[in-house]
Amino acid sequence: MTDPELLLRHEDGVAIVTLNNPARLNAWTSAMRAALGRMLAQIGADDAVKAVVLTGAGERAFCSGQDFSESQNFDGGADADRWLAAVKSFYEIIRSIEKPTICALNGLAAGSGFQVALLLDYRVGHAGVTMGQPELNNGIPSVVGPWAIFAERIGVARSMELILTGRMIDAQEARQIGLLNEIVPPAQVLPRSIAFARELGGKPPVALRLTKRAYREATQPAFDRAFQIAEEAQRQAFASGEPQRCMEEFFRIRAARKSA
Numbered sequence: 001m002t003d004p005e006l007l008l009r010h011e012d013g014v015a016i017v018t019l020n021n022p023a024r025l026n027a028w029t030s031a032m033r034a035a036l037g038r039m040l041a042q043i044g045a046d047d048a049v050k051a052v053v054l055t056g057a058g059e060r061a062f063c064s065g066q067d068f069s070e071s072q073n074f075d076g077g078a079d080a081d082r083w084l085a086a087v088k089s090f091y092e093i094i095r096s097i098e099k100p101t102i103c104a105l106n107g108l109a110a111g112s113g114f115q116v117a118l119l120l121d122y123r124v125g126h127a128g129v130t131m132g133q134p135e136l137n138n139g140i141p142s143v144v145g146p147w148a149i150f151a152e153r154i155g156v157a158r159s160m161e162l163i164l165t166g167r168m169i170d171a172q173e174a175r176q177i178g179l180l181n182e183i184v185p186p187a188q189v190l191p192r193s194i195a196f197a198r199e200l201g202g203k204p205p206v207a208l209r210l211t212k213r214a215y216r217e218a219t220q221p222a223f224d225r226a227f228q229i230a231e232e233a234q235r236q237a238f239a240s241g242e243p244q245r246c247m248e249e250f251f252r253i254r255a256a257r258k259s260a
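Residue numbers (this note's numbering): 1 to 260.
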């Protein structure tokens, strides 16, 4: 499997996957996300792999989420439906990996990049890491993140604060509220993640597999319900044109900053 935007290597039973689009803060298009899903599904089925580490290329970001250059061109609700269905399928693949999954956070994690980091079992980052869910600021209803992922980790009140403000939180706050498990020096983020993945991968495999499966099954109803609600919310939002206008403004401001 070859994809310039995805790098894969193996180290002592640990599969290390790198999002390789640093010029765009490792944002993903639908094609890149689908390719990553296929790669992770194959890794999950490979008995030689005992654990997985997911990280981003460069020093600025793990993943900034959806590439707006794609989503700003969504033509109403039908495009939003297809996009959300693809996201759900991708998240299901991650949730179905019955091996330890570690996120090596080398920088920003925003939007669906933040959500994916939280879908993994453990997160290692450095003091410069920032995390958040700025969807609402871009005209996109924030439904899946808070109700399928955040609330069970940090509670409803804090989830509502993060999604309504769209603010980014720093590493220390993320550590305090349980969204970041370890803070290490930048140069140690990936080595520590690999070492911990190797440690977890050495646990009794049957018990490990059944534990992860039980968690997935216990949380599946809320996960499915969140996507069901999100489908109608995203359809109405994109049919209104508001997300597209907000993303157009985002690109206008960014272009103005670059030319200043």
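All C-beta atoms, glycine included, are put in the ideal place defined by N, C-alpha and C.
Secondary structure, beta strand (DSSP E): runs of 3+ residues fully inside the stretch 165-201: You should have 168-170.
query: Is Thr18 near Ala57, with beta carbons less than 8 Å apart?
result: For the 8 Å CB-CB criterion, Thr18 and Ala57 form a contact.
- request: Per DSSP, which residues does Asp3 bridge with? Please list them.
  value: Bridge partners of Asp3: Leu6.
task: Check whether the Cβ of Pro221 lies closer than 7 Å to any heavy atom of the ligand HEM, and answer yes or no.
output: Of the ligands one can find in the structure shown there are none, so the ligand HEM has no counterpart to examine.
query: Is it buried or exposed for Gly202, if we count other Cβ within 10 angstroms and need 16 for buried?
result: Residue environment analysis places Gly202 among the exposed positions, since fewer than 16 neighbouring C-beta atoms fall within 10 angstroms of its C-beta.
query: Mind checking Leu210: buried by the 16 CB within 10 Å criterion, or exposed?
result: Exposed: under 16 other Cβ atoms inside 10 Å.
message: Per DSSP, what are the beta-bridge partners of Leu105 in this structure?
response: Its beta-bridge partners are Gly125.
contact_flag[the stretch 186-193, the stretch 45-62] where n(CB pairs < 8 Å) is 3 or more: Output reads yes: the stretch 45-62 touches the stretch 186-193.
Exposure label - Glu11; buried when at least 16 CB within 10 Å: Per the 10 Å Cβ criterion, exposed.
- request: State the Cα-Cα distance for the pair Arg94 and Glu59, rounded to the nearest angstrom.
  value: Checking the sequence, you will find Ile at residue 94 rather than Arg. About 24 Å.
- request: Using the Cα positions of Gly166 and Asn137, report the straight-line distance between them to the nearest angstrom.
  value: Near 6 Å, if we compare the C-alpha coordinates of Asn137 and Gly166.
message: By the three-class DSSP mapping on this structure, what secondary structure does Phe250 have?
response: Under the three-state reduction of DSSP output, Phe250 falls in the helix class.
field: From Gln236, Pro185 and Val144, residue whose alpha carbon lies closest to that of Leu105
entry: Among Gln236, Pro185 and Val144, the Cα nearest to that of Leu105 belongs to Pro185.
task: To the nearest angstrom, report how far apart Gln38 and Ile149 are at their CA atoms.
output: It should be noted that the sequence gives Arg, not Gln, for residue 38. Rounded to whole angstroms, the gap between the alpha carbons of Arg38 and Ile149 is 22 Å.
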